[in-house]
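Going left to right, the sequence shown walks through residues 75 to 416 as the working numbering numbers them.
C-beta: ideal position from N, C-alpha, C; glycine also.
Here's the structure, in structure tokens; my notes come after.
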Amino acid sequence: MGWSMNIGRLFGIPVKVHFTLLILLGFLLLASSSTGGGLYGVLIAVLLFASVVAHELGHALVARRYGVATKEIVLLPIGGAALLSQSPKEPRHELLIAIAGPVVSLALSGVAWVLWQAIAFTVLADLFVVNLMLGLFNLLPAFPMDGGRILRAGLARWMGNLRATRVAAKLGRLVAVAFVVIAAVYGQLFLGLIGAFIFFAATAEERAAIIQNIVGPRRIRDMMQATPDVLGAGATVAEAIAGFSLSPGLTALPVAFGTRVMGVVYRSDAVGIPSPDEHLIHELVDRNVITHRGDAPLMELLTQMGQSRSRAAVVTTDDEVVGVVTLERVLEEIRSARSAEF
Ligand SMILES: [Zn+2]
Numbered sequence: 075m076g077w078s079m080n081i082g083r084l085f086g087i088p089v090k091v092h093f094t095l096l097i098l099l100g101f102l103l104l105a106s107s108s109t110g111g112g113l114y115g116v117l118i119a120v121l122l123f124a125s126v127v128a129h130e131l132g133h134a135l136v137a138r139r140y141g142v143a144t145k146e147i148v149l150l151p152i153g154g155a156a157l158l159s160q161s162p163k164e165p166r167h168e169l170l171i172a173i174a175g176p177v178v179s180l181a182l183s184g185v186a187w188v189l190w191q192a193i194a195f196t197v198l199a200d201l202f203v204v205n206l207m208l209g210l211f212n213l214l215p216a217f218p219m220d221g222g223r224i225l226r227a228g229l230a231r232w233m234g235n236l237r238a239t240r241v242a243a244k245l246g247r248l249v250a251v252a253f254v255v256i257a258a259v260y261g262q263l264f265l266g267l268i269g270a271f272i273f274f275a276a277t278a279e280e281r282a283a284i285i286q287n288i289v290g291p292r293r294i295r296d297m298m299q300a301t302p303d304v305l306g307a308g309a310t311v312a313e314a315i316a317g318f319s320l321s322p323g324l325t326a327l328p329v330a331f332g333t334r335v336m337g338v339v340y341r342s343d344a345v346g347i348p349s350p351d352e353h354l355i356h357e358l359v360d361r362n363v364i365t366h367r368g369d370a371p372l373m374e375l376l377t378q379m380g381q382s383r384s385r386a387a388v389v390t391t392d393d394e395v396v397g398v399v400t401l402e403r404v405l406e407e408i409r410s411a412r413s414a415e416f
């Protein structure tokens with residue numbers, strides 16, 4: 075996650091603080107030092123962080139048990155987030171990973187309560203309340219909060235992952251709107267922020283699940299446009315236009331120097347050029363393309379394209395160019411598949 079500062083590692087997992095939280099803490103510290111409660115405020119803040127980290131570690135360590143690594147734990151003004159490297163494959167694993175955080179928080183609050191009964195330290199009472207709130211609040215069925223994930227995992231068992239995500243995201247947005255309304259009525263800015271976050275996060279996760287569902291089962295060649303022709307590096311724009319006119323649906327043509335793929339030329343770039351027989355193709359070549367085997371999973375290609383910000387990929391079989399995949403076409407396919415569902 076961008077805009078965050080590393081503060082150390084726990085069980086091999088980097089723990090980071092988001093800058094917005096640092097700024098917020100600065101303000102709180104300034105405010106509390108002017109009212110005189112400075113040191114106690116800092117102590118409470120540290121305990122709150124430790125509680126959030128313990129909660130996220132609960133998720134991360136159960137995830138590790140099921141073979142899912144955690145990239146990092148980030149502390150945010152609205153709580154924490156354990157960023158998993160991938161989604162758990164089985165609903166049962168997601169359920170156990172999701173429930174582990176609140177279980178840790180509720181257990182810590184129980185321990186704090188017992189200690190508080192034995193030694194009446196105010197800090198222990200605060201620790202009890204903080205962890206109780208962390209545990210209970212996260213159990214609200216507002217996807218993508220823990221309670222929402224537990225709900226989705228439960229639903230996924232009998233309606234499949236995609237439908238379960240849609241139902242959970244809808245409920246998540248409903249709870250989010252309720253938060254914002256309550257926040258507006260009672261002037262609770264913080265609750266309003268959490269509501270806004272849940273609303274957008276629910277929508278983003280829903281979108282990701284839809285894409286996973288459409289793209290996940292496909293291979294690269296399923297989304298490939300076959301290219302009967304490969305342009306040489308010395309070809310003219312007119313030759314490219316002639317190549318496009320042979321296959322009407324084709325949006326990009328591969329360009330190669332011998333057997334080495336140089337890039338692609340897009341139809342939209344080629345057709346607009348005046349006196350195309352006087353221009354060479356290399357002026358128009360998009361070199362930021364990926365070359366990939368056609369039998370690999372489409373998701374693998376899209377991840378690579380996303381990382382290198384490529385708009386197109388050249389597909390090969392036995393080192394021979396057989397087609398292209400353009401991002402534009404994949405997005406169109408996702409859009410039409412989305413509107414065809416429900
Ligand atoms: Zn959690």
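Practice item. Counting only the same chain and skipping the five closest in sequence on each side, list residues whose C-beta sits under 7 Å from that of Val-254. Key: Gly-266, Gly-269 and Ala-270
Check your understanding: Is the region 135-144 close to the region 156-176, with three or more CB pairs under 8 Å?
Key -> Segments in contact, yes.
Review point. What does a CB cutoff of less than 8 Å around Ala-423 pick up in its chain, not counting 5 residues either side in sequence?
Key: With the chain represented from 75 up to 416, any question about residue 423 goes unanswered, as that position is not in the structure.
Exercise for review: Give every residue of the same chain whose Cβ lies closer than 7 Å to the Cβ of Tyr-260, excluding the five residues on either side of it in the sequence, and list them in chain order.
Suggested key: none
Check your understanding: Since Met-79 sits in a beta bridge, which residues does DSSP pair it with?
Key -> Val-91
Check your understanding: What residue does the beta strand (DSSP E) around Ile-364 start on, and which one ends it?
Key -> Per DSSP, Ile-364 belongs to the beta strand (DSSP E) from 364-367.
Check your understanding: When the Cα of Val-395 is compared with those of Glu-313, Val-311, Val-304 and Ser-319, which residue comes out closest?
Key -> Val-304
Review point. From Val-345 to Gly-397, what distance separates their C-alpha atoms?
Key: Approximately 20 Å, taken between the alpha carbons.
Point to revise | Unbroken stretches of the beta strand (DSSP E), 3 residues or longer, contained in the region 95-176 | key: 144-150 and 153-158
Review point. What separation, rounded to the nearest whole angstrom, lies between the Cα atoms of Val-91 and Leu-327?
Key: 46 Å
Exercise for review: Less than 8 Å between the CB atoms is what I'm expecting for Ile-224 and Ile-173, so what's the real figure, rounded?
Suggested key: 6 Å
Check your understanding: Measuring from the CB of Gly-222, is there a heavy atom of ligand 1 at a distance below 6 Å?
Key -> no
Exercise for review: Compare the Cα-Cα distances from Met-379 to each of Leu-95, Leu-401, Val-142 and Pro-165 and report the closest residue.
Suggested key: Checking every option, the nearest Cα to that of Met-379 belongs to Leu-401.
Review point. For Arg-367 versus Gly-337, is the C-beta distance shorter than 7 Å?
Key: no
Exercise for review: May I have the straight-line CA-CA distance separating Trp-187 from Ala-199, to the nearest angstrom?
Suggested key: 7 Å
Exercise for review: Compute every distance between the C-beta of Asn-212 and the non-hydrogen atoms of ligand 2, then say whether any falls below 6 Å.
Suggested key: Inclusion of ligand 2 in the displayed structure is not the case, the ligand content consisting of ligand 1 alone.
Practice item. Decide yes or no for the touch test of the region 202-209 against the region 166-183: beta carbon pairs closer than 8 Å, at least 3 of them. Key: yes
Practice item. Look at the alpha carbon of Ser-125 and the alpha carbon of Leu-84, and state the distance between them as a whole number of angstroms. Key: 14 Å
Exercise for review: Would you check whether ligand 1 has a heavy atom nearer than 6 Å to the C-beta of Gly-209?
Suggested key: no
Exercise for review: Would you identify the three-state DSSP class for Leu-236, choosing helix, strand or coil?
Suggested key: helix
Check your understanding: Comparing the CB of Gly-228 with every heavy atom of ligand 1, is any distance shorter than 6 Å?
Key -> no
Review point. Cβ atoms of Val-359 and Ala-386: under 7 Å apart, would you say?
Key: no
Review point. Which of helix, strand or coil does DSSP assign to Gly-323?
Key: Residue state, collapsed to three classes: coil.
Review point. Does the Cβ-Cβ distance between Ala-230 and Pro-162 come in under 7 Å?
Key: Not a contact, by the Cβ cut-off of 7 Å.
Check your understanding: Could you check where the beta strand (DSSP E) with Thr-391 kicks off and where it finishes?
Key -> First-last of the beta strand (DSSP E) with Thr-391: 386-391.
Review point. Should Gly-175 be listed as close to ligand 1, given that the test is whether its C-beta is under 6 Å from any heavy atom?
Key: Ligand 1 has a heavy atom closer than 6 Å to the beta-carbon of Gly-175.
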